[in-house]
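Novice: Could you have a look at this structure, given as structure tokens, before my questions?
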Amino acid sequence: MSRKLAEITPPVADVAAVATELTRVVDLPKGARPFRTHIDPSQDGSAVVSAVADLLSPAAG
Numbered sequence: 014m015s016r017k018l019a020e021i022t023p024p025v026a027d028v029a030a031v032a033t034e035l036t037r038v039v040d041l042p043k044g045a046r047p048f049r050t051h052i053d054p055s056q057d058g059s060a061v062v063s064a065v066a067d068l069l070s071p072a073a074g
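Take the sequence shown: its position 60, counting from 1, is numbered 73 in the working numbering, and each next residue is one higher.
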């Protein structure tokens with residue numbers, strides 16, 4: 014599985030984007046932090062799909 018994930022991750026993926034998003038979420042006030050956040054290093058639209066799935070999830074309720 015790790016090999017397949019490495020194959021679909023673009024070589025120019027910005028790993029710092031994860032740290033930036035983590036810092037953004039931690040800096041939010043308690044109660045304003047999202048349950049989940051999405052990073053899309055391949056810019057293939059998966060973050061949008063995941064966000065919509067979250068909205069439709071019963072857990073989002």
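Ideal Cβ placement from N, Cα and C applies to all residues, glycine included.
Would you kindly work out how many angstroms separate the C-alpha atoms of A45 and T33, rounded to a whole number?
Specialist: Approximately 17 Å, taken between the alpha carbons.
Novice: Leaving out five residues before and five after V61 in sequence, what residues of the same chain have Cβ atoms less than 7 Å from its Cβ?
Specialist: Contacts found: none.
Novice: Does the beta-carbon distance from P23 to P54 come in below 8 Å?
Specialist: In contact: P23 and P54 (Cβ atoms closer than 8 Å).
Novice: Give the DSSP-derived three-state secondary structure of V28 in the structure shown.
Specialist: The answer is coil: DSSP assigns V28 none of H, G, I, E or B.
Novice: Could you check which residue in Q56, S70 and P71 has the C-alpha nearest to that of A26?
Specialist: For the residues Q56, S70 and P71, the minimum Cα distance to A26 belongs to Q56.
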